[in-house]
Structures are given as structure tokens and as C-alpha cells.
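Residue numbers (my numbering): 96 to 272.
Below is the structure:
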């Protein structure tokens, strides 16, 4: 039985290709700033007494900043929750439009894990949850760590609830006789 609330975010390991691009942009910004010194903004910022603070800002620093935002944004833009009532997916937390989908354990029809070869090596992947209501996949816990562990936890909770429901119905039938 799942007690409390378990929140899951996407794994940092899922962002390895974007991290490689980020580090390449860092190197490129240094090289480009040295090659094109005219792109460095410099001048007096302010003075306090006899101390003067100067600004030297290379414009190519914005390249790695953009790369870093592309790494961080997908991780914090989605939140997956498992609690005593069911599973929930929130996407678009940092966006203007947020999408929230909730499926109760009783309505879960299928729980599947999808992984590529690289994702199996890194132990990340996607857990897809389909409900009986629509007959298709409704919630995708994508780019998460240990997807098989999450699949087993959801399946165990679903099975426990199904077993309790069967016991209640058989007890009700026995009492009705």
C-alpha cells in the first residue's frame, strides 16, 4: 500500500545529450569571445569612494546560458505523483498552459515500460499508464529513473486494490445468502 505522496521528476541522466551541447557552447563562447573582442561589453559600472567597479560582459556568454536553460527546463516542467488514490501527471508547470491528468488505480488497464538501448544502460525510461476509460495510454512518466521499479510499485498497488475489492464483493455475497 502506498502511504503518503511520492513525487517523481525527470532524471538528470536523461539530459546527457543536452549537457554535452551545453559544454560545447561553453567552449565555443570562450573561443568566440577571444576571436571577436568587439562583442565584449565593457565600461565603468559604478564607483564607491576610491573603488571603481568595471563591467566586462562577453555577449557570447548568452550561448551557454541558453544551453543551460534547455537542460533544466524539461526536468522542472513536469511532475509525476503517485499517492493513495492513483497516479498523476503534471506537464507545463513552467509554461502558460498546464496539463494535469489523473488516473485512479481501479481504472488502470495497462502499465508498460519503454526504453531505448541507451536508456537501459543509463537506467532511465518511460512508464506508460493506460486507463480502461479511453483504451489508450493517458499518462507517460517519461525520462525517469528506475522505470521498472515504478512499474512494479504501481502494479502492486493496483493488484492490492483489486484483491480487496474481490474480498469485499465475496463478503457481501456471503452476507446476502
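Cβ atoms here follow ideal geometry from the backbone N, Cα and C, with glycine treated the same way.
These numbers come from a predicted model, not from an experiment.
Query raised in the report: From this set, 188, 256, 105 and 116, which residue's C-alpha is nearest residue 235's C-alpha?
Result: Numbered from its first residue, the chain shown carries residue 235 at position 140. Comparing Cα-Cα distances from residue 235 to each of 188, 256, 105 and 116, the minimum goes to 105.
Query - residue 225 to residue 196 span [Cα, whole Å] - result: The sequence position of residue 225 within the chain shown is 130, counting from 1. The sequence position of residue 196 within the chain shown is 101, counting from 1. Straight-line measurement puts the Cα of residue 196 at about 11 Å from the Cα of residue 225.
Query raised in the report: Taking buried to mean at least 16 other C-beta atoms within 10 Å of its own C-beta, is residue 177 buried or exposed?
Result: If you number the chain shown from 1, residue 177 lands on position 82. For residue 177, the number of other beta carbons within 10 angstroms of its own is at least 16, and it is reported as buried.
Report task. Report the residue from 249, 102, 99 and 110 whose alpha carbon sits nearest the alpha carbon of residue 213. Result -> Start at 1 with the first residue of the chain shown, and residue 213 comes out as number 118. When each option's Cα is compared against that of residue 213, the closest is 110.
Requested in this report: Determine the direct distance from the alpha carbon of residue 184 to that of residue 210, and round the result to whole angstroms.
Outcome: Residue mapping note: residue 210 aligns to position 115 of the chain shown, counting from 1. Residue mapping note: residue 184 aligns to position 89 of the chain shown, counting from 1. Roughly 19 Å between the two C-alpha positions.
Requested in this report: Please name the residue in 180, 172 and 260 whose C-alpha comes closest to that of residue 191.
Outcome: Within the chain shown, numbered from 1, the residue matching residue 191 stands at position 96. Closest in C-alpha terms to residue 191, from the list 180, 172 and 260, comes 172.
Query raised in the report: For residue 102, which of helix, strand or coil comes out of DSSP?
Result: Along the chain shown, one-based indexing puts residue 102 at 7. When secondary structure is reduced to three states using DSSP, residue 102 falls in the strand class.
Query - Inter-residue Cα distance where the pair is residue 102 and residue 127 - result: One-based indexing of the chain shown puts residue 102 at position 7. One-based indexing of the chain shown puts residue 127 at position 32. Each residue's alpha carbon lies about 42 Å from the other.
Query raised in the report: What's the call for residue 237, buried or exposed, on a 16-neighbour Cβ count within 10 Å?
Result: Taking the first residue of the chain shown as 1, we reach residue 237 at position 142. Taking every protein chain shown into account, the CB of residue 237 has 16 or more other CB atoms within 10 angstroms, so this residue is buried.
Query raised in the report: Looking at residue 227 and residue 203, is the spacing between their C-beta atoms short of 9 Å?
Result: Within the chain shown, residue 203 is the residue found at index 108, counting from 1. Within the chain shown, residue 227 is the residue found at index 132, counting from 1. Result yes, Cβ atoms of residue 203 and residue 227 sit closer than 9 Å.
Query raised in the report: Quick one: what does DSSP say residue 254 is sitting in, helix, strand or coil?
Result: Within the chain shown, the letter at position 159 stands for residue 254. Looking at residue 254 - three-state DSSP - the assignment turns out to be helix.
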